[in-house]
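Residue numbers (our numbering): 3 to 417.
All remarks here apply to the structure that follows.
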Amino acid sequence: MSNKNGEDSHTPQNIQLDRRKLLAIGSGTAMAATSLPSVVFAEGQTPQVPRRVLGKTGQKIPILLFGAAVKLDRRFDPKLAEAFRFGIDYIDAADCYNGGACEERVGNFWTRAKLKRDDFWITSKSDEHDPEGLERTLDNGLKQLQTNYVNLYFLHGLKNPDYLSSGLEKKVATLKKSGKIRHFGFSCHDGNVAELLQMASKLPWIDAIMFRYNFRKYGDKELNKAIDAAHKANIGLIAMKTQGSEASFRDAWKKFEKTGRWNKHQAVLKAVWDDKRITAAVSHMQSLQQLRENVEAAVDNKKLTQSERSALDRYAEATRSLACDGCDHICNPHVDAPVEIGATLRHLMYHEVYGEPAKARLNFVATVPAAARNLRSIDFSRAEAACPNGVAIGPLMERAFQVLNASPQLAAEIT
Ligand code: SF4
């Protein structure tokens, strides 16, 4: 059945999981009948998230995807179970999420839920970007996921376009032929997203891209041109970081709340879905409450109204100096120290906005070189002057220095 936007609200692929059965499977986990939130939908209501075609894959996927970077239960994750009930049958995994345990936990979930593997979608990612490392990571991931294929495989967090080599193209062709992967692409969230999208639009072997995109980027001409090119090449486009790298916008948001129907997380998702070049948004849903709110926004067919949209634009402008786009090829050269401003502020966002301080600190220490973590007594004034968003880099880097330095035992807290 299609709605007026040509989106399916229900397809045979949707899996209708029985709630009592899931509760039984999940007993002993965090899920219990009494802990389910009562907001948004009346008991017994299970509206299905609409679906759109993911570019040249030709496959319809839900417009709201389950981001498995969120902490998953070891044996059976209740958030995933709830997501499937609403037709969110797409899991966005990676080798490194959940302290490296993500794929294993996804494998435990779907086998314990007794899902049929062909009835749902797994995307996973490799942090190894060379052809051999990618295949090694994929093979290990398939074992953890307890499957012999993934629907889509990504180079994770691609920054260097040189990795999109003819050697990788050959490897991708072999992996597709072997049946281990159905489709291939990459994710990217650094400052060269537009460059990577443009490059990919000329590479027929790139099927899908997941990239940093949100309501703040509507006016970005270079990015919009690149999205147009990728869309014209029929590459499936998935938005991530839809919340827009905010730090602490609560006061600015209050004005918008008065003019809109949606809470902040819902409104920014709707802004992304209003862009029909984008197939879906991956969301980091940490609670059943958040999941249900996102579903409520997804199943509402109406676009944001003009006044909601302009209020969101005003909100974006009012908070622009707190939003880092990761384009640190612009600001890093203006600092007399080997800093990584974009990556540091991204980890600060995970700490401040995603509410995952332990994970943010652990990943900061694990992925940002020690020299770039030494943020004491550094003059960021020239970098601030160069930043197109006017980000207050100095105070934010000071904050990052204070909160992101962590001891390795934090690993225990996130796994
Ligand atoms: S601080 Fe500014 S220039 Fe630097 S990465 Fe962030 S948005 Fe780009």
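Even for Gly, the Cβ is constructed at its ideal location relative to N, Cα and C.
Here the structure is a predicted model, which means the values were calculated and not measured.
DSSP three-state assignment for residue i, whether helix, strand or coil
i    : result
P397 : helix
K266 : helix
S383 : helix
R214 : strand
D94  : strand
I229 : helix
P64  : strand
F88  : coil
L239 : strand
I280 : coil
V55  : strand
F403 : helix
T139 : helix
R378 : coil
Cβ-Cβ separation, residue j to residue i (assumed contact under 8 Å), whole Å
i    : j    : result
A299 : P340 : That pair is no contact at about 41 Å.
H185 : L160 : Wrong, their Cβ atoms sit about 16 Å apart, outside the cutoff.
N110 : F78  : 7 Å
D276 : K305 : 5 Å
L166 : L140 : In fact, because the Cβ distance is near 17 Å, the residues do not count as touching under 8 Å.
L406 : A362 : 6 Å
Between the CA atoms of residue j and residue i - distance to the nearest angstrom
i    : j    : result
L170 : M212 : 18 Å
I240 : A313 : 24 Å
D164 : A175 : 18 Å
I93  : C190 : 18 Å
Q291 : V301 : 16 Å
N226 : R114 : 42 Å
L82  : F68  : 7 Å
N236 : K62  : 14 Å
M399 : L117 : 45 Å
N265 : E84  : 21 Å
Y220 : V274 : 9 Å
T36  : R294 : Note on T36: pLDDT 34, under 50, position unreliable in the model; the coordinate value appears next. Roughly 16 Å between the two C-alpha positions.
P371 : V270 : 33 Å
F403 : A345 : 13 Å
S168 : K256 : 50 Å
H286 : E106 : 18 Å
Q146 : A95  : 11 Å
L98  : D91  : First, the amino acid is wrong: residue 98 is Cys here, not Leu. Using only the alpha carbons, I get a separation of about 21 Å.
Cutoff 8 Å: residue i Cβ touching any chain B Cβ
i    : result
E134 : As a matter of chain content, chain B is missing from the structure shown, which is built from one protein chain.
Inter-stretch contact (C-beta, 8 Å, three-pair minimum) for the stretch 356-369 and the stretch 378-389
Taking 8 Å as the limit for Cβ pairs, the verdict is that the stretch 378-389 does not touch the stretch 356-369.
Check whether the stretch 330-341 and the stretch 121-135 are in contact - that is, three or more C-beta pairs closer than 8 Å.
Contact fails: fewer than three Cβ-Cβ distances are below 8 Å.
Residues around the ligand SF4, please: the ones whose beta-carbon is closer than 7 Å to some heavy atom of it, in chain order.
The filter returns G193, C326, D327, G328, C329, D330, I332, C333, I343, G344, L347, A385, A388, C389, P390, N391, V393, I395, in chain order.
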